[in-house]
Amino acid sequence: SKAREDGRICVVPHDPTYPVHTVCDLGIMINTPWIFFQVIDLKLRIVDYFRLDKKGDARGGMAYYKKMLDQKRDDHGYSYGKFFCPSDVAKEEQGTGESLYNTALQQGIEFTKLKRELSVLDGIERVTNMFPSMWLDSEKCKPLINSLASYRREWIEAAGMYAEKPVHDSASHPADAMRYLSMVFEQKLYEMIETNSVSTTDLKKWSDQYSRTG
């Protein structure tokens, strides 16, 4: 690929002075890939990736993924920023009546919900446009790289053309997560709003103090 030729698939260490954001595609059990990324000087650095190998590993649901996030934080020193996910996080789960958003919130994961995208092809084009600005860690992101390499549209012999939508297989969910990431990157949704940790009580106290001395 062009990214490999350009040397952008390599060791990509995370910068501890910047937050590590995540984006995931909320599938069932094994189909919930997580992409860990930083944006530094308008360059997208994909520093880590996670996807289950066995379905049984995620029986704990969001509690399992919270442990995974905590483990990566402890192992690599990540300071988390935002957790992005698709719009269907608001849907109620069968059996529980709770939305995935609320279930995650109970575990301390506050998702930032992305807008629903009507066209998969628009997202694919956006990912293509994002590639020149993207760096991927060659080891931690190897499963993601392999999935992206196998993501394809089916050739329809009778019609002499490719199908409009890509083949739905094991590469679909990682590719969908990349589409969501491209939305975040294009719209700069990763930008953190910095606020001063000054309480209303402090402001009132200072105001009273200055009014007495002024």
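Residue numbers (UniProt numbering): 1 to 214.
For glycine and all other residues, C-beta sits at the position ideal for the given N, C-alpha and C.
These figures come from a predicted structure and were not determined experimentally.
Fill in: Cα-Cα separation, G81 to S150
30 Å
Discussion item. Taking the alpha helix (DSSP H) that Y78 belongs to, which residues open and close that run?
Written reply: Taken as a continuous stretch (DSSP letters only), Y78 belongs to no alpha helix (DSSP H), as it is neither H nor E.
Discussion item. Our contact map puts I9 next to S138 with C-beta atoms below 8 Å; I'd like the distance itself, whole angstroms only.
Written reply: 5 Å
Worksheet item: Of the choices D70, A3, K2 and E117, whose alpha-carbon is the least far from that of V184?
Response: E117
Fill in: From V127, G97 and Q38, residue whose alpha carbon lies closest to that of P174
V127
Discussion item. Please return the same chain residues whose Cβ sits closer than 6 Å to the Cβ of residue 229, not counting the five positions on each side in sequence.
Written reply: The chain is shown only over 1 to 214; residue 229 falls outside these bounds and no answer can be derived.
Practice prompt. Specify, as a first and last residue, the run of the beta strand (DSSP E) that R45 falls within.
Written response: K43 to F50
Discussion item. I need the DSSP call for E117, collapsed to helix, strand or coil.
Written reply: coil
Worksheet entry | Nearest-angstrom Cα separation, counted from L148 out to K66 | 26 Å
Discussion item. Rounded to whole angstroms, what is the Cα-Cα separation between V47 and R4?
Written reply: 15 Å
Worksheet entry | Pairwise C-alpha distance: V120 and Q187 | 17 Å
Practice prompt. Using 10 angstroms around the beta-carbon of Q106, count the other beta-carbons present and answer buried if the total reaches 16, otherwise exposed.
Written response: exposed
Worksheet item: Taking the continuous beta strand (DSSP E) assigned at H21, which residues delimit it?
Response: V20 to C24
Fill in: H76 versus P16 - alpha carbon distance
9 Å
Item to complete: May I have the straight-line CA-CA distance separating D6 from F131, to the nearest angstrom?
Response: 11 Å
Worksheet item: Can the beta-carbon of L144 be found less than 8 Å from the beta-carbon of V23?
Response: no
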